[in-house]
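Chemist: Just add 72 to the spot in the sequence shown (first one is 1) and you have this note's numbering. We put the beta carbon where it would ideally sit given N, CA and C, even for glycine.
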Amino acid sequence: MAEGSGQVAGGHAVTVGSATVDIITIIASRDIERVTMANATASFLLLEEGRKIEAEGITIHPGGGAANTAVCFARLGIPAAPLVKIGRDLNGAKVLESFAREGLSDRLVRYTDELGTGITVMIASHDRNAAVFTFRGANTLIRAGDIPADAFAGASIVHVAGLSNESADQHPDIVRRARKAGAFVSNNPGIRQLTARGEAFFAALSDIDMLSINRIEAEAMLPGLMRHGGPGPCRDHLPDNPPQLMRRGLVGSGFDMPLEAFCRAVHRLGPRYVTVTDGTDGAYLSDAGELWHCPPLKVKVAGTVGAGDAFSATLGAWLMEGRGAESALRAAAANAAAVVAAIDAQSGLLRRTELTRWIEAAPPDFVARRLV
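#1: Of the residues G226, I229, A203 and D241, which one's Cα is nearest the Cα of G217?
#2: Which residue or residues does DSSP assign as beta-bridge partners of T386?
#3: Can you tell me whether K157 is buried or exposed? The criterion is at least 16 other CB atoms within 10 Å of its CB, across all chains shown.
#4: Identify, in the order they occur along the chain, each residue of the same chain with its Cβ nearer than 6 Å to the Cβ of N259, setting aside the five sequence neighbours on each side.
#5: With 16 as the cutoff for other CB atoms within 10 Å, does N407 come out buried or exposed?
#6: Looking only at C-alpha atoms, which of T189, D308 and L180 sits nearest to A221?
#7: How close, in whole Å, do the beta carbons of A202 and A210 come, if the pair is a contact with beta carbons under 8 Å?
#8: Between which two residues does the beta strand (DSSP E) holding K157 run?
#9: Alpha carbon to alpha carbon, how far is Q316 from A434?
#10: Would the segment 302 to 314 and the segment 368 to 386 be scored as touching if the rule is three or more Cβ pairs under 8 Å?
#11: On the CB-based measure, 16 or more other CB atoms within 10 Å of its CB, does P151 come out buried or exposed?
#12: Do L453 and A389 have their CB atoms nearer than 7 Å?
#13: Tell me the rounded alpha-carbon separation between E332 and M318.
#14: Checking the sheet assignment: what are the DSSP bridge partners for E128?
#15: When the Cβ atoms of the segment 125 to 144 are set against those of the segment 89 to 102, are three or more pairs found closer than 8 Å?
#16: Measure the alpha-carbon distance for A410 versus H243 and round it to whole angstroms.
#17: Which stretch, first to last residue, makes up the beta strand (DSSP E) that contains F116?
#18: According to DSSP, which residues form a beta bridge with E105?
#19: Classify S101 as buried or exposed, calling it buried when 16 or more other Cβ atoms lie within 10 Å of its own Cβ.
#20: Return yes when the C-beta of V439 is under 6 Å from any heavy atom of the ligand HEM, and no when it is not.
#21: What is the DSSP secondary structure of V247, reduced to helix, strand or coil?
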């Protein structure tokens, strides 16, 4: 365990998903054009063919959903072991070096010669919400034989990050075995899991304690929820001064559903906790039907990569420890803000004592509010 982490008593964490090497390029706003659609929320960075663009900096960092969340747990004092697959290459060696530096266990790291270690290349400018090119590589090759019988033995929390290709095929078995081992099971799936493997994902919800998704992923779930019982019950009236997503609801694939009804529909399929993040409009947490909202903690944005991992892991850790929804939301939002204040996914992650100081120093409006 890294020095100063403030290790807490109890079990350990296992994280499942990807480990990557992240190459981050920062380009001055004046050197790259951005186009924002008038009738949509999407923005685009324009790269001119054949033109060399001056960068303010190009740096290399560790990343990937399982790696980021493992570091988050470790800095919060929860020993962590990432279950990842890497290539036998220089980038794989960099991943292992970062694990050793953070005090992570490598007992569940698996190796392959079939594909290289995953790499992402990020281009950030303007508001620093990076465009990402990804080579998933070895991250796609987690197979049943890579998951030992005792993988989750003694774990207090198992966090499953986004999985793709062959690795995604293991998702139902992973959450089933984690639940059987007695762990708190948190899941932050990628949108491809929700669309390409929707039926398998919905069937696995009964083994998940906490589902963590963003607004776009929630909207991708709407067709599946309609096939699995439709919306849950919700109140006819909104609370005073409702946040944007509470007012707007979820809209996608020809369906619309109030946020409260969405959360209750997911609860019905298994998870006690459902959290939906909505970028600068904050995050929502439904605890068995009690819906809470927390605004983001405002910081100067250096990069957005890894914020979702920090939020999910911190929230899961607090809920696993039996802390209430209000405390968990504020801690998760604060740790995510610390990550946003750094360029990469891991260097901003806070240790438990640091996180406490961030929360104590937050402005008065950084308050989690119960909506229903």
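Modeler: So, to answer that:
#1: For this step, residue 217 is matched to residue 145 along the sequence shown. Of the candidates G226, I229, A203 and D241, the one whose C-alpha sits nearest the C-alpha of G217 is D241.
#2: Reading the sequence shown from its first residue, position 314 is the one you call residue 386. Answer by DSSP bridge pairing: none, since T386 is not bridged.
#3: Taking the first residue of the sequence shown as position 1, residue 157 is located at position 85. It counts as buried.
#4: Here the question's residue 259 lines up with position 187 in the sequence shown. So the qualifying residues of the chain are V232, I280 and L283.
#5: Position 335 of the sequence shown holds residue 407. With 16 or more Cβ atoms within 10 Å of its Cβ, N407 is classed as buried.
#6: Counted from its first residue, the sequence shown places residue 221 at position 149. The residue with the shortest Cα to Cα distance from A221 is L180.
#7: Here residue 202 refers to the residue found at position 130 of the sequence shown. Here residue 210 refers to the residue found at position 138 of the sequence shown. Going by Cβ atoms, the distance from A202 to A210 rounds to 22 Å, so no, they are not a contact pair.
#8: Here residue 157 corresponds to residue number 85 of the sequence shown, with the count starting at 1. First-last of the beta strand (DSSP E) with K157: K157 to G159.
#9: Walking along the sequence shown from the start, residue 316 turns up at place 244. Walking along the sequence shown from the start, residue 434 turns up at place 362. Cα to Cα, Q316 sits roughly 22 Å from A434.
#10: no
#11: In the sequence shown, counting from the first residue as 1, residue 151 sits at position 79. Counting Cβ neighbours within 10 Å, P151 comes out buried, since at least 16 surround it.
#12: Here the chain comprises residues numbered 73 to 444, so residue 453 is not present and cannot be evaluated.
#13: Within the sequence shown, residue 332 is the residue found at index 260, counting from 1. Within the sequence shown, residue 318 is the residue found at index 246, counting from 1. Cα-Cα distance, rounded: 8 Å.
#14: Taking the sequence shown and counting its residues from 1, one reaches residue 128 at position 56. Partner(s): none; E128 has no beta bridge.
#15: yes
#16: The residue you call residue 410 lines up with position 338 of the sequence shown. The residue you call residue 243 lines up with position 171 of the sequence shown. Rounded to whole angstroms, A410 to H243 spans 30 Å at the Cα level.
#17: Counting from one through the sequence shown, the residue named residue 116 turns up at place 44. That run of the beta strand (DSSP E) goes S115 to L118.
#18: Within the sequence shown, the letter at position 33 stands for residue 105. Answer is L118, bridged to E105.
#19: Numbered from 1 along the sequence shown, position 29 holds the residue referred to as residue 101. Its Cβ having fewer than 16 others within 10 Å, S101 is exposed.
#20: Ligands in the displayed structure: none, and consequently the ligand HEM is not present.
#21: Position 175 of the sequence shown, counting from 1, holds the residue named residue 247. Note: V247 maps to helix in three-state DSSP.
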